[in-house]
Amino acid sequence: RHCTDIICCVIFIVIILGYIALGVVAWVHGDPRKVIYPTDSYGQFCGQRDTLNENKTILFYFNILKCASPVVLINLQCPTTQLCVSKCPDRFATYIDVQASYRYRPDQWNYFRQFCKPGFNNPRKSIAQVLRDEDCPSMIIPSRPFLKRCFPDFSTKNGVLTVANQTTFKDGRGKTRNVTDLREAANGINNVLDARSVGMKIFEDYAISWYWILIGLFIAMMLSLLFLVLLRFTAGVLFWIFIFGVIGIIGYGIWHCYWEYDHLKGIPGSDLTVYDIGFQTDFKVYLQLRQTWLAFMIILCGVEVIIILMLIFLRNRIQIAIALLKEGSRAIGYIMSTLFYPIVTFLLIAICISYWAVTAVFLATSGEPVYKVMANQTLCKYANLTCDPETFNTTNVTKLCPGAQCTFAFYGGESLYHKYIFIFQLANAFVFLWLVNFAIALGQCTLAGAFASYYWAYRKPADIPLWPLFSSFGRAIRYHTGSLAFGALILAIVQLIRVILEYLDHKLKGTQNSFTRFLLCCLKCCFWCLEKFLKFINRNAYIMIAIYGKNFCTSAREAFFLLMRNVVRVAVLDKVTDFLLFLGKILVAGGVGVLAFFFFTQRIPVFGQEVPMLNYYWVPLLTVIIGSYLVAHGFFSVYAMCVDTLFLCFCEDLERNDGSTAKPYFMSASLHRILGKKKLSPKKA
Numbered sequence: 131r132h133c134t135d136i137i138c139c140v141i142f143i144v145i146i147l148g149y150i151a152l153g154v155v156a157w158v159h160g161d162p163r164k165v166i167y168p169t170d171s172y173g174q175f176c177g178q179r180d181t182l183n184e185n186k187t188i189l190f191y192f193n194i195l196k197c198a199s200p201v202v203l204i205n206l207q208c209p210t211t212q213l214c215v216s217k218c219p220d221r222f223a224t225y226i227d228v229q230a231s232y233r234y235r236p237d238q239w240n241y242f243r244q245f246c247k248p249g250f251n252n253p254r255k256s257i258a259q260v261l262r263d264e265d266c267p268s269m270i271i272p273s274r275p276f277l278k279r280c281f282p283d284f285s286t287k288n289g290v291l292t293v294a295n296q297t298t299f300k301d302g303r304g305k306t307r308n309v310t311d312l313r314e315a316a317n318g319i320n321n322v323l324d325a326r327s328v329g330m331k332i333f334e335d336y337a338i339s340w341y342w343i344l345i346g347l348f349i350a351m352m353l354s355l356l357f358l359v360l361l362r363f364t365a366g367v368l369f370w371i372f373i374f375g376v377i378g379i380i381g382y383g384i385w386h387c388y389w390e391y392d393h394l395k396g397i398p399g400s401d402l403t404v405y406d407i408g409f410q411t412d413f414k415v416y417l418q419l420r421q422t423w424l425a426f427m428i429i430l431c432g433v434e435v436i437i438i439l440m441l442i443f444l445r446n447r448i449q450i451a452i453a454l455l456k457e458g459s460r461a462i463g464y465i466m467s468t469l470f471y472p473i474v475t476f477l478l479i480a481i482c483i484s485y486w487a488v489t490a491v492f493l494a495t496s497g498e499p500v501y502k503v504m505a506n507q508t509l510c511k512y513a514n515l516t517c518d519p520e521t522f523n524t525t526n527v528t529k530l531c532p533g534a535q536c537t538f539a540f541y542g543g544e545s546l547y548h549k550y551i552f553i554f555q556l557a558n559a560f561v562f563l564w565l566v567n568f569a570i571a572l573g574q575c576t577l578a579g580a581f582a583s584y585y586w587a588y589r590k591p592a593d594i595p596l597w598p599l600f601s602s603f604g605r606a607i608r609y610h611t612g613s614l615a616f617g618a619l620i621l622a623i624v625q626l627i628r629v630i631l632e633y634l635d636h637k638l639k640g641t642q643n644s645f646t647r648f649l650l651c652c653l654k655c656c657f658w659c660l661e662k663f664l665k666f667i668n669r670n671a672y673i674m675i676a677i678y679g680k681n682f683c684t685s686a687r688e689a690f691f692l693l694m695r696n697v698v699r700v701a702v703l704d705k706v707t708d709f710l711l712f713l714g715k716i717l718v719a720g721g722v723g724v725l726a727f728f729f730f731t732q733r734i735p736v737f738g739q740e741v742p743m744l745n746y747y748w749v750p751l752l753t754v755i756i757g758s759y760l761v762a763h764g765f766f767s768v769y770a771m772c773v774d775t776l777f778l779c780f781c782e783d784l785e786r787n788d789g790s791t792a793k794p795y796f797m798s799a800s801l802h803r804i805l806g807k808k809k810l811s812p813k814k815a
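Numbering-wise (the numbering used here), the sequence shown opens with residue 131 and increments by one.
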């Protein structure tokens with residue numbers, strides 16, 4: 131063994147040190163409060179402790195009609211005065227009406243002026259001057275807080291858009307306007323607010339069912355471990371159970387969908403279509419439609435037919451794959467510690483994600499407050515120009531543009547650091563992808579080295595090293611950090627290009643240029659295929675690195691040509707094995723999912739009193755199903771790496787050895803009997 135790809139190793143270490151420095155610089159300049167707290171027109175945070183706005187946690191917009199969309203509001207780009215308030219308005223009122231009645235109805239003025247600029251208490255000031263200087267809003271509308279900002283309290287009544295059950299309102303300028311005039315400013319707010327309501331209910335469901343979710347994931351982990359242990363002795367029987375278990379679960383799903391479809395027959399409203407009822411936040415409504423269950427049944431039938439056809443045409447090759455899986459189960463039985471190595475990879479990736487997210491937030495909040503001139507007059511030449519709030523009143527802008535104000539616009543800056551914030555964010559994303567791919571590569575190389583030590587042990591298990599997993603991990607770190615970083619770098623570059631293409635596609639989604647959309651689609655498809663190919667090459671290159679200790683390029687070339695010389699075996703064994711392992715994951719996730727379904731729908735009498743009262747039972751159910759699949763994927767990924775390593779070792783064994791006394795085979799007798807062609811010579815004791 132010797133160190134490989136030293137130059138890439140040095141570059142990788144330097145990049146990590148630079149990444150740490152970038153995080154420190156972002157931490158020094160960044161301020162996450164800019165994300166947590168909304169900012170008013172004076173650049174002050176709403177709700178920040180130990181400030182005048184400590185009890186004013188919500189941002190209020192003077193004239194929401196000037197805002198184009200909710201996105202504009204959230205990004206603080208709305209061209210109207212914004213103030214921090216303790217609560218949103220709960221009634222309709224205009225400054226004209228309040229000023230006219232403040233003498234005999236002082237309570238109305240006291241309520242209205244809490245939405246005026248701090249310190250303003252002059253109801254005698256002319257309405258024209260108040261509106262020009264924006265001392266007070268011309269009107270207030272019943273609102274409710276969302277994302278710590280006051281949004282109109284929209285609702286739909288008999289298909290008509292209303293605000294506080296009213297369809298008209300006074301705009302404070304002598305006109306009565308329809309609520310639909312707020313549509314442009316509040317486009318999409320109904321859906322956003324409904325999503326907020328759904329989100330709160332989902333959060334409540336998680337809060338009262340999290341321990342049952344953990345129990346379901348623990349059951350999935352124990353099932354996965356049990357299956358992997360049983361594979362050593364009953365791989366064939368167990369995998370046929372996997373296959374028929376999946377078929378049975380899908381068959382039950384088909385029967386249940388048909389039962390629901392038939393049960394809803396004749397019930398009023400059940401024959402409506404999804405298109406007829408439109409989008410509903412209560413998803414239970416869709417389960418009352420026959421069309422929903424018919425669609426589910428058709429989908430499940432299609433999946434069932436596909437699986438059965440695949441089993442019919444691949445039945446002989448499945449037998450071959452099962453034999454290789456038996457050998458893999460035997461290897462894992464001797465090196466049980468490999469089953470828990472995915473936890474190490476998970477922790478490394480979690481650290482990378484956390485560091486990237488924190489750095490991204492601090493970089494995004496590194497800007498200084500930028501103020502711009504906001505003028506009521508459309509012809510003001512100073513509008514949208516940057517300004518200094520401390521010296522603004524001494525300039526002639528207010529004279530040339532009466533009513534103009536210097537208000538907070540966004541966070542930015544003119545320094546060299548602020549000019550390159552986007553480059554730093556790009557570098558943050560790129561190094562993040564590199565580190566994540568390195569963590570995955572380290573795990574693959576470590577597992578491959580452990581399983582290769584099993585295969586190349588002449589007498590199994592006597593010649594297997596004492597700590598094969600730890601020894602393999604040490605070799606990968608000590609000798610092959612550069613090679614693993616090299617492979618991860620190539621993959622990270624391709625992934626970054628894919629991210630940029632997705633960004634461009636999102637930006638150009640509204641364009642009418644068909645050629646541009648076609649070109650982007652082709653590029654995205656090509657780079658997706660390239661990423662899949664590189665992952666396949668890298669995986670086998672890491673196996674060769676673990677076996678022979680050569681550099682990345684040499685290992686990748688040798689692995690590629692070795693696989694090409696055995697392309698039929700690769701197609702048969704590798705893909706059939708992946709299919710069987712995928713069925714195993716589906717069975718674990720499906721079995722635990724069915725159990726969770728019966729539990730959360732109170733169909734298990736023994737646990738009837740223990741089931742929490744949920745808004746949406748599908749929230750913990752989907753969490754358990756997806757979590758169970760990921761848990762099973764973690765354990766079965768070790769098994770897949772074992773099979774891939776043993777298969778590559780087997781191909782290499784066949785090419786390098788001939789079964790003679792001088793060049794004996796290292797494969798087990800059972801594996802040679804199924805896959806080999808030559809007679810195995812007896813091994814010396």
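C-beta atoms are modelled at their ideal positions from N, C-alpha and C, and glycine is treated no differently.
| query | result |
| --- | --- |
| Beta-carbon proximity of C176 to R608, cut-off 9 angstroms | no |
| Residue span of the alpha helix (DSSP H) that contains I145, given as start and end | 136-159 |
| Residues bridged to S285 (per DSSP) | T292 |
| DSSP-derived helix/strand/coil call for L203 | Low per-residue confidence applies at L203: pLDDT is 40, beneath 50, and the placement is therefore not dependable, though the value from the model is reported in the following sentence. Correct three-state label for L203: helix. |
| Nearest-angstrom Cβ-Cβ length linking F554 and L493, presumed shorter than 8 angstroms | 5 angstroms |
| G148, buried or exposed, once every other Cβ within 10 Å from all chains shown has been counted against 16 | exposed |
| Residue range of the beta strand (DSSP E) that includes S273 | 273-276 |
| Sequence-distant residues of the same chain with beta carbon closer than 8 angstroms to G757, five excluded per side | I343, G346, L347, A350 |
| Proximity to T187 [Cα-Cα], best of N193, V155, L195, C218 | C218 |
| Counterpart residues of N308 in DSSP-defined beta bridges | T298 |
| For V215, three-class secondary structure by DSSP | strand |
| Buried versus exposed call for I436 [16 or more other C-beta atoms within 10 Å across all chains shown] | exposed |
| Validate contact between the segment 675-694 and the segment 593-613 using beta carbons, cut 8 angstroms, 3 pairs | yes |
| Exposure of Q229, with buried meaning 16 or more beta-carbon neighbours within 10 Å | buried |
| 4-residue-minimum alpha helix (DSSP H) runs that sit fully inside the segment 506-564, ordered along the chain | 527-530, 546-549 |
| contact_flag[the segment 154-162, the segment 630-650] where n(CB pairs < 8 angstroms) is 3 or more | no |
| Secondary structure of S798, DSSP reduced to three states | coil |
| Identity of the residue in F581, A490, V503, L572 nearest F560 by Cα | A490 |
| Rounded straight-line distance, which links the Cα of A686 to that of N668 | 7 angstroms |
| Distance between L353 and T753 (C-alpha atoms, nearest Å) | 17 angstroms |
| Strand pairing of R279, partner residues [DSSP] | L189, F276 |
| Neighbour-count burial assignment, K287, 16 or more Cβ in a 10 Å radius | exposed |
| Span of the alpha helix (DSSP H) around V491 | 471-494 |
| Three-state class that DSSP yields for F222 in the structure shown | coil |
| contact_flag[the segment 784-801, the segment 592-609] where n(CB pairs < 8 angstroms) is 3 or more | no |
| Buried or exposed by the 16-neighbour rule on C-beta atoms within 10 Å, applied to S484 | exposed |
| Cβ-based neighbour list, N745, same chain, cut-off 7 angstroms, excluding 5 preceding and 5 following | K331, E334, D335 |
| Which of helix, strand or coil DSSP assigns to P236 | helix |
| Which of helix, strand or coil DSSP assigns to Y609 | helix |
| Nonlocal neighbours in the same chain, by C-beta distance under 6 angstroms from A258, ignoring five residues either side | none |
| Nearest-angstrom Cβ-Cβ length linking A451 and T775, presumed shorter than 8 angstroms | With a Cβ gap of about 15 angstroms, A451 and T775 do not count as contacting. |
| Touching by the beta-carbon criterion (3+ pairs, under 8 angstroms), the segment 385-396 and the segment 417-435 | yes |
| Residue nearest to R262 in terms of C-alpha spacing, selected from Y464, M504, I270 | M504 |
| Reduced DSSP category for E264 - H, G, I as helix; E, B as strand; rest coil | coil |
| Short Cβ contact (9 angstroms threshold) for Y769 with S459 | yes |
| Collapsed DSSP secondary structure at K680 in the structure displayed | coil |
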